[in-house]
Amino acid sequence: MSLSTFSSAPYTSAPAMLVRRRIATYFVGGIDQIPGLVATLSQHGKLIHELSVDVREGVRESSMVSTVLVSPDALDALLDALRDLSSVVSAELA
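Numbered per this note's numbering, the sequence shown finishes at 442, counting up by one with no gaps.
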């Protein structure tokens, strides 16, 4: 006797595993640019764990280092979104 089972339910993959990534972002425009940077991190990452911003008077470029939970397949989109901001000089994994 043979028994076969077929399912017509569509295949759904499990959600992508989130990993912690440390991202360094260098930007111009000072403290006024921080809300836009954080909003971009929040839109593409799932959770911001750490955030450190260094803005100094008389220095053209400021820096922000953050640790974000993000799926591996969304990491490039997050970095590209940061780089697309007019104030960002560079954004890369730290």
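Where a beta carbon is used, it is the ideal one built from N, C-alpha and C, also for glycine. Because the structure is a prediction, the values reported are computed rather than measured.
For M412, DSSP records a beta bridge to T373, V401. Taking C-beta atoms as the reference points, V413 and A439 fail to come closer than 8 Å.
Our two residues, G378 and V403, have alpha carbons roughly 6 Å apart in a direct line.
Boundaries of the alpha helix (DSSP H) harbouring V386: 382-392, taken from the DSSP string. The criterion of a C-beta distance shorter than 8 Å is satisfied by V401 and S410. The C-beta of L430 has 16 or more other C-beta atoms within 10 Å across all chains shown, which makes the residue buried.
Taken through DSSP and simplified to helix, strand or coil, A425 comes out as helix.
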